[in-house]
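The structure appears below as structure tokens.
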Amino acid sequence: MSLAFHVRARRGDFLLDAGLETTARAVAVVGASGAGKTTLLQGLAGLIPVEAARLVVDGAIVADTASGLTPPPHRRGVGYVFQDGRLFPHLSVGANVGFGRRYARAPLEVAAALALVGLEGFETRWPLSLSGGESRRVAVARALVARPRLLLLDEPFTGLDAGRRAALIPYFARLRDTLETPMIIVSHDDRDLAELAHDVLSMADGRRV
Amino acid sequence: MLEPLTPFEIEALLLSLKVAAASLVVTLPLGLALAWLLARTNLPGRWLLEAMVNLPLVLPPVVTGLVLLMVFGARGPVGGWLRETFGMTLAFHWTGAALAAAVMALPLVVRPMRLSLEAVDPRLEQAAATLGAPPLHVFARVTLPLAAPGMIAGMALGFARAFGEFGATVTFVGAIPGETLTLPVAIYTTLQRVDGEPAAMRLAVVAVVVSIAALLAAEWLTRRALRGGSLR
């Protein structure tokens, strides 16, 4: 397992210029809010314009501005679990989770993905009927179905109380170990991540510290 | 008043329905494309495009009809070209009535579509892209369903406006029974006859019934589109 990423992007006066090379399967990105953590993820996923970006997962170059390789988000195979969930409100939980199946080469079954996050039988529920923790797990299942080569998790524990956090962490550990999907987990609170991540990128003001 | 419709009335009604339906075939895809351009792009000259689309809303309909006659008439630049290339005439033909109805209805189709497209959260579209969906799929599977109420409203308004079009129609294509004598035009010509008022009233009732039916259909479609999902 190897993972190398770097993003340089400018947003107004703010300059993000940070990255990491590691052999860890799960990397935590920590730092105060405003450190550029989310911008880093967005740059890796191809969601924002960047000055430079490079992402190499297990030797496969996903994006590299230096050699002109900047595929659009839908061709990166990079899963993204957004801080605000972003479940499709017009689709059932099952349809949300299955959304990316047709674009993946070897997609997971919807039921299998829901089982991975401990939400067996939630297919017919609707996004608005879910609790915060459930929504987040559905968002994770949805990202997993497409079998991403890298999973980006933006503050997966935000807005959850300590009990829910503690309950959620084993699911993520299970995903990391059963699917062997590399992960970059962003958090402003490194306590939850000690158990999950094998390496840490610590950021402040757009830089690695 | 409650007697069955006369052949004249049926002819006008069916013609109006045909004209309104044909105009929708034009305004729906064109309106959607325009709504998308206006809502989601920074096209230079966007304001000009918007002004052009909305022009029929503020112009006297008879002026719009006159412009259509000048451009699409047999001697107009587009009309002449259509006749020479495809042997197709629009002026004084039912297809011309459909064109007039489409032009008049377009601003009413574009506006709700545009507003509903603007209301769709682009972050949901981003999420769809990270799941592997190419842009057209994102549009068809996320944007369009979320904008469904506006799409339906645009369709209903466009149909109703096209169904009721009078001024531009009568100017551009006249009032030829069975060809361009739509229901509103029939009401007008009937009123011109001595003692034509009761007959015009009957036609007016038909027009009201169709318009209300279109409204109800739109309401039903909107409810259907919203049911199940959590959109409100």
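One line per chain: the protein sequences are R and H, in this order. Just so you know, we're using my numbering here: the first sequence kicks off at 1 and counts up by one. Just so you know, we're using my numbering here: the second sequence kicks off at 1001 and counts up by one. Positions of the beta carbon are idealized from the N, C-alpha and C atoms, including for glycine. Here the structure is a predicted model, which is why all the values come from computation and not from measurement.
Taken in chain order, the unbroken stretches of alpha helix (DSSP H) that lie wholly in the segment 65-149 of chain R and span 4 residues or more are 93-98, 110-116 and 132-145.
Within the segment 1133-1213 of chain H, the complete alpha helix (DSSP H) segments at least 4 residues long are 1135-1138, 1148-1164, 1167-1173 and 1183-1192, listed from N- to C-terminus. Under the DSSP assignment, Leu15 (chain R) falls in the beta strand (DSSP E) whose first and last residues are Phe14 to Thr22. About 13 Å separates the CB atoms of Leu3 (chain R) and Leu40 (chain R); that is not less than 8 Å, and the two are not in contact.
Contact check for Glu1125 (chain H) against Ala1039 (chain H) fails: the beta carbons are separated by 7 Å or more. In this structure, Ala1200 (chain H) sits near Thr1190 (chain H), with a CB-CB distance shorter than 7 Å. In the structure shown, the three-state DSSP call for Arg1075 (chain H) is coil. In this model, Gly159 (chain R) and Pro1145 (chain H) are separated by some 29 Å (Cα to Cα). Not one beta carbon of chain H lies nearer than 7 Å to the beta carbon of Gly94 (chain R).
Here Phe157 (chain R) carries a coil assignment [DSSP, helix/strand/coil].
Around the C-beta of Glu1197 (chain H), fewer than 16 other C-beta atoms lie within 10 Å, and the residue is accordingly described as exposed. Any Cβ of chain R closer than 7 Å to the Cβ of Ala1153 (chain H) would place that residue at the interface, and such an atom is absent.
Taking C-beta atoms under 8 Å as the contact rule, Gly36 (chain R) and Phe14 (chain R) qualify, at a distance of about 7 Å. The C-alpha of Leu1059 (chain H) is placed about 16 Å away from the C-alpha of Leu1049 (chain H). Between Gly1164 (chain H) and the set H:Ile1152, H:Met1088, H:Leu1181 and H:Ala1127, the nearest pair of CA atoms involves H:Leu1181.
Pairing Pro127 (chain R) with Leu87 (chain R) gives a Cβ-Cβ distance under 7 Å.
Relative to the Cα of Val1025 (chain H), the nearest Cα in the group H:Ala1162, H:Val1206, H:Pro1184 and H:Pro1061 belongs to H:Ala1162. In the three-state reduction of the DSSP assignment, Met1088 (chain H) falls in the coil class, being assigned neither a helical nor a strand state. Per DSSP, Met1 (chain R) is not a residue of any beta strand (DSSP E), being assigned neither H nor E. Cβ-Cβ distances below 7 Å link Arg136 (chain R) to Gly85 and Pro156 in the same chain, with the five nearest sequence neighbours on each side left out; the list follows chain order.
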